[in-house]
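Residue numbers (this note's numbering): 23 to 426.
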């Protein structure tokens, strides 16, 4: 899967229109070890290993944008449906509602609690400069929205199942709620583009002492502003605030992962915001791509392709040969795919083993046919309806992803 198809669920509720959830999953060939492409003992220059994937991406970009070549790729799926994806996964060619509130809605307790801080704007809570001067609003919000209050859903456990079966190469996510980790994924399985609450660090450049999730939780629920035990500076969770760069690991890993992706699964995202939007075009031309979302997104745009942002996905044209759109919530899509793969009993067992909420059991055991009116609640929000501009996206995306 495209590094982990891991995204979160998508809902149409007001709160879900606040946060962008993106998750990519990569499936590797059966038996394909991570060491084959990241070998610490190898003395070869990594640039040699990256070159084929980078050159393939550039060739595909120009041939697609300029209309060169045949224009139609070799058919890689028996049929462009979820069933076709399931058959592909079983063929041997692939080897891997949480109740989040909307604090920006007037009338909610969170909104009222934040009003007393006289914020210049809601996004100020997540601006690094404002945080360093006025950390109180952020930690007040963090107490109300602490990750421990929410539980993984079907989507998260499906990713864990892919990992257990040796199919998950990586999960790229913009979520910061640590639910992927709660579901059983480990640090090496994840690229947390917007950071995580799993660890925290002292903000002092000269110190940078690390603190655990439990340490931060204790401070937050004691209504204390976390201060470094070594130098007394402020301690901040390792989430990416406005004004901070994405983790270096995001950029270094994608160069290695995507050229070696055998199946890319994208869940719960509009595919309109960079740098995630262009990731779908970094896999090879023979890599099938599955989108699980409430609507078709990320379709090819000739102009954007000319500018280097990738050619996008093609679900419906006469030239379509590898892209599949599953129109549903992410939970429903994962459940349907698990059913087609014959994995549903194992998925249920995994959720039970990992301590899934008893109240969700009916949702997990419902008929696998997708029904938007009866779909379980998702733990993610959709940010694109707020703004299509990069600035507003970054603002609201982080903002929402800080909404656990």
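Heads up, the beta-carbon is just placed ideally off N, CA and C, and yes, glycines get one too.
Euclidean distance between Cα positions of residue i and residue j
i	j	result
residue 221	residue 366	33 angstroms
residue 246	residue 179	34 angstroms
residue 379	residue 249	Bear in mind that a pLDDT of 43 at residue 379, under 50, signals an unreliable position, so the number given afterwards is only what the model happens to contain. Computed Cα separation, rounded: 34 angstroms.
residue 368	residue 156	48 angstroms
residue 239	residue 217	17 angstroms
residue 152	residue 297	25 angstroms
residue 167	residue 242	11 angstroms
residue 182	residue 160	31 angstroms
residue 158	residue 186	41 angstroms
residue 108	residue 351	18 angstroms
residue 252	residue 244	20 angstroms
residue 317	residue 289	11 angstroms
residue 214	residue 357	24 angstroms
residue 223	residue 190	29 angstroms
residue 395	residue 147	Low per-residue confidence applies at residue 395: pLDDT is 33, beneath 50, and the placement is therefore not dependable, though the value from the model is reported in the following sentence. Each residue's Cα considered, the two are about 35 angstroms apart.
residue 299	residue 293	4 angstroms
residue 98	residue 359	18 angstroms
residue 232	residue 260	10 angstroms
residue 142	residue 136	11 angstroms
residue 105	residue 363	9 angstroms
residue 195	residue 174	14 angstroms
residue 301	residue 348	19 angstroms
residue 235	residue 277	30 angstroms
residue 184	residue 162	36 angstroms
residue 188	residue 371	18 angstroms
residue 376	residue 210	20 angstroms
residue 140	residue 291	32 angstroms
residue 197	residue 149	17 angstroms
residue 154	residue 201	27 angstroms
residue 172	residue 219	13 angstroms
residue 101	residue 273	33 angstroms
residue 271	residue 138	38 angstroms
residue 334	residue 144	33 angstroms
Residue interval of the alpha helix (DSSP H) (run including residue i)
i	result
residue 371	366–375
residue 178	176–186
residue 240	235–243
residue 152	150–155
residue 202	201–204
residue 161	158–166
residue 360	352–363
residue 428	Outside the shown range of the chain (23 to 426) lies residue 428, about which nothing can therefore be said.
Among the options, nearest to residue i - alpha-carbon criterion
i	options	result
residue 199	164, 192, 183, 273	164
residue 355	99, 201, 103, 219	103
residue 374	337, 106, 176	176
residue 257	227, 272, 271, 143	227
residue 361	99, 111, 97	111
residue 263	273, 225, 359	225
residue 336	320, 348, 189	320
residue 254	260, 273, 230, 275	230
residue 339	322, 348, 364, 315	322
residue 275	212, 142, 100	212
residue 287	192, 162, 140, 138	192
residue 353	314, 371, 376, 372	314
Bridge-paired residues (DSSP) for residue i
i	result
residue 312	287, 346
residue 335	321
residue 19	For residue 19 there is no data in the structure shown, the boundaries of the chain being 23 and 426.
residue 232	223
residue 249	256
residue 264	149
residue 106	Per DSSP, none; premise fails for residue 106.
(Q) Across the region 301–310 and the region 336–349, are there enough close Cβ pairs to call them in contact, namely three or more that are closer than 8 angstroms? (A) yes
Q.
I want to know whether the region 275–282 touches the region 298–307 - three or more CB-CB distances under 8 angstroms.
A. yes
(Q) If contact is defined by three or more beta carbon pairs under 8 angstroms, each pair taking one atom from either stretch, is the region 256–273 in contact with the region 200–209? (A) no
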